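Engineer:
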Amino acid sequence: MIIELAVAAMEELVRMAQMGEPLWSESLDGISSSVLNEDEYMKTFPQGIGPKPAGFNTEASRESAVVIMDHINLVEILMDVVRVLLVLLLGAPNREAFLLLTRSLNIELMQMTAEFQVPTPLVPTREVYFIRYCKKHSDGAWAVVDVSLDNVCPSPIVRCRRRPSGCVIQEMPNGYSKVTWVENVEVDDRGVHSLYKQLVNSGHPFGAKRWVAAFNRQCERLASAMATNIPNTDIGVIMSQEGRKSMLKLAERMVISFWAGVSASTAHTWTTLSGTGAGEMRVITMNSIDDPGRPPGLVLSAATSFWLPVLPNRVFDFLCDMNSRSEWDILSNRGVVEMVHIPNGRDTGNCVSLLQANFSESAKSSQSRMLMLQESCTDSAGSFVIFAPVARFAMNEVLNGMDPDYVGLLPSGFAILPDGSAMQGGNDQQAVGSGGGSLLTVAFQILVDLVPTAKLSPEAVVTVNNLIACTSKRIQASLLCPGRGRGSTSENEITASSRRGKTLSSRRGATKMGTSLRSWTNKGLSFWSRLSFKHRGHWKNNKAKHEQAQKQAEDL
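This is the structure:
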């Protein structure tokens, strides 16, 4: 039954990738993805996966692009349940379990479970149980198709079903590939917050455009990691290829950890605390134990999303601008200096950087051990700016090519999405004029206690909630009042009501909060740095023994 379903889904995908009108109609703006004619679809493919459940909506789109990666590598990424996590971050499967059903030279079939997400706590994740079928066709093209298994293995609670969706990959000259992606799902999106309704209804967060943009982003990232022709005139650019790979690997893990925290995936042991707002603010805790990439202790994460009447690219540029960082960053309110960076794509804003905060003379001795790893990225699917404090000597090891798996990270940052109004007609340049703008998610992860089983104190919740509120208000004030001087702060700007009725209403309050957070961060980093190098030494010994045993086995 599963084999027959996979074969029928493959045939449908290939036809949908090739057909034009009346099945597909081009968008009015000529920029958005092709739109499916639902009535024509039901006539052309009457079998499908069964009748659409009551209350479900259809989201279907098609997108094509040429990417700088050969077709074989693209197929390998899609069929690798670990690597696909690293590719598809903006609305990506963040939890996957799989069972390999069959594999031959040109055919592979997997049974999978995945959670698709948007980087905000206000949009529920979409969990899907499906098969992924990969096949090489007679014309040399590869196709990878997903289709839900709910009609074969019914589930009592289904909120998303994948009709045949996936991509056709065609080989192009000089190592390029043409990717045509078809995304076709039925979903119950009644749990989406009103702030994100318009965006989700547009199909943008989960659509074909997002998948293609993710491939483009990953291809550029891999090209950056493998680059050897780096100009000597690029001051601050890491010249060592080993150092570039290690720093990119660490940044990649930082971004994945940020996404997991923002969405509160069911794959992670996060718990929502009560009394933190009517859904707009989410505060969650995690007991970090035996996680080699996260400091041990009690971790507190807070996230919120809000609308800005400003175009997404302007929000992204503002958050990436080192000169304006002190306008919103409480943890480095004297600004930052970029020490090294790795260009990470054609857009100048796509970059992995290592930053150092400017501290006062009295604070330099205690704070100089802390650096900030940051990745910024923008594409047609959305944008993000994510950062995490790291120990200086640990980063020195990473820049020398050390495997960064044991460097502890607690990422914070921003995810930027369009508000969806431009998708209803017009383009991003017209969005603000037509009442559109951006949806900004602000999220922080803080180590509040070195003991994983410690109880969360009310003061910690107050501080992190106020950090979120203060940062959000500063960003709003700076973007809506561009004439304001750098670093200036009004009384009302940093006022943030807490669960206990306390407020911060002055720059002194914000400074005190930043000092408290830096104290937590430094204490955690100092402890984690010592522990990580102890674990790393143990890991290196085990790795050497494993490699020696493997070599002996190969010799036999």
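Numbering follows the working numbering, with no gaps: position 427 of the sequence shown is 458.
Glycine is no exception: its CB is placed at the ideal position from the N, C-alpha and C atoms.
Note that the structure is a prediction, hence the values are computed from the model and not measured.
1. Label Met50 either buried or exposed according to how many other C-beta atoms from any shown protein chain fall within 10 Å of its C-beta, with 16 as the threshold for buried.
2. Determine the direct distance from the alpha carbon of Pro236 to that of Val416, and round the result to whole angstroms.
3. So the alpha helix (DSSP H) Phe246 belongs to, where does it begin and stop?
4. Nearest-angstrom Cα distance between Asp321 and Val286?
5. Assuming Trp338 and Thr502 are in contact, meaning their beta carbons sit under 8 Å apart, how far apart are those beta carbons, in whole angstroms?
6. Sorted by chain position, which residues of the same chain lie with C-beta nearer than 6 Å to Ser332's C-beta, five sequence neighbours on each side aside?
7. Buried or exposed: where does Cys351 fall if 16 or more other Cβ atoms within 10 Å of its Cβ makes it buried?
8. Less than 8 Å between the C-beta atoms of Ala96 and Val243, yes or no?
9. Would you decide whether Met317 is buried or exposed? Buried here means 16 or more other CB atoms lie within 10 Å of its CB.
10. Starting from Cys501, trace the alpha helix (DSSP H) both ways and give me its first and last residue.
11. Output needed for Lys280: all residues of its chain with C-beta closer than 7 Å, excluding positions within five of it in sequence on either side, in chain order.
12. If you draw a straight line from the alpha carbon of Thr89 to that of Ala425, how long is it in whole angstroms?
13. If you reduce the DSSP assignment to three classes, tell me which class Cys184 lands in.
14. Among Ala172, Ile80, Phe87 and Gln148, which one has its Cα closest to the Cα of Asp101?
15. Going by the DSSP bridge assignment, what does Glu214 pair with across the sheet?
16. Taking contact to mean 3 or more Cβ pairs, one atom from each stretch, closer than 8 Å, check whether the segment 363-381 and the segment 206-224 are in contact.
17. So, with DSSP's three-state summary, where would you put His372?
18. Cα separation between Leu385 and Pro442?
19. Just how far apart, CA to CA, sit Ser407 and Arg505?
20. Buried or exposed: where does Arg193 fall if 16 or more other Cβ atoms within 10 Å of its Cβ makes it buried?
21. Using the rule of at least 16 other Cβ atoms within 10 Å of the residue's Cβ for burial, across every protein chain shown, is Ala485 buried or exposed?
22. Buried or exposed: which applies to Phe73, given that a residue is buried once 16 or more other Cβ atoms fall within 10 Å of its Cβ?
23. In three-state DSSP terms, what is Leu609?
24. Go to Phe87, then tell me how far its alpha helix (DSSP H) extends in each direction, as first and last residue.
25. Do Gly324 and Arg284 come within 8 Å of each other at the CB atom, strictly closer than that value?
26. Check whether the Cβ atoms of Ser233 and Gly451 sit closer than 8 Å, and answer yes or no.
27. Going straight from the alpha carbon of Ala48 to that of His168, what length do you get?
28. So for Gln387, helix, strand or coil by DSSP?
29. Determine the burial state of Asp177: buried for a count of at least 16 other Cβ atoms within 10 Å of its Cβ, exposed for fewer.
30. List the whole-angstrom C-beta distance separating Val231 from Gly197, where the pair is believed to meet the contact cut-off of C-beta under 8 Å.
31. Excluding five sequence neighbours on each side, which residues of the same chain lie with their C-beta closer than 6 Å to the C-beta of Glu585?
32. Going by DSSP, what residue range makes up the alpha helix (DSSP H) through Lys228?
33. Ends of the beta strand (DSSP E) at Tyr437?
34. Please report how far the alpha carbon of Val383 lies from the alpha carbon of Asn431, in whole angstroms.
35. Expressed to the nearest angstrom, what Euclidean distance is found between the alpha-carbon atoms of Phe147 and Ile103?
36. Roughly how many angstroms lie between the CA atoms of Arg356 and Asp348, to the nearest whole one?
Structural biologist: Let me lay it out:
1. exposed
2. 18 Å
3. Ala239 to Met257
4. 20 Å
5. About 16 Å separates the two Cβ atoms, so there is no contact after all.
6. Gly292, Ile315 and Gln476
7. buried
8. yes
9. buried
10. Pro489 to Leu511
11. Pro435
12. 48 Å
13. coil
14. Ala172
15. Ser92
16. no
17. strand
18. 14 Å
19. 20 Å
20. buried
21. exposed
22. Note that residue 73 is Met in the sequence shown here, rather than Phe. That one is exposed.
23. Lying outside 32 to 587, the shown extent of the chain, residue 609 is not represented and no answer is given.
24. Run containing Phe87: none; DSSP gives neither H nor E here.
25. yes
26. yes
27. 14 Å
28. strand
29. buried
30. With 8 Å as the limit, Val231 and Gly197 do not qualify as a contact, their Cβ atoms being about 21 Å apart.
31. Because the pLDDT of Glu585 is 43, which lies under 50, any placement of that residue in the model is unreliable, and the number read from its coordinates should be weighed accordingly. So the list is empty, once near-sequence residues are dropped.
32. Ser225 to Ser233
33. No beta strand (DSSP E) contains Tyr437, which DSSP labels as neither H nor E.
34. 16 Å
35. 25 Å
36. 11 Å
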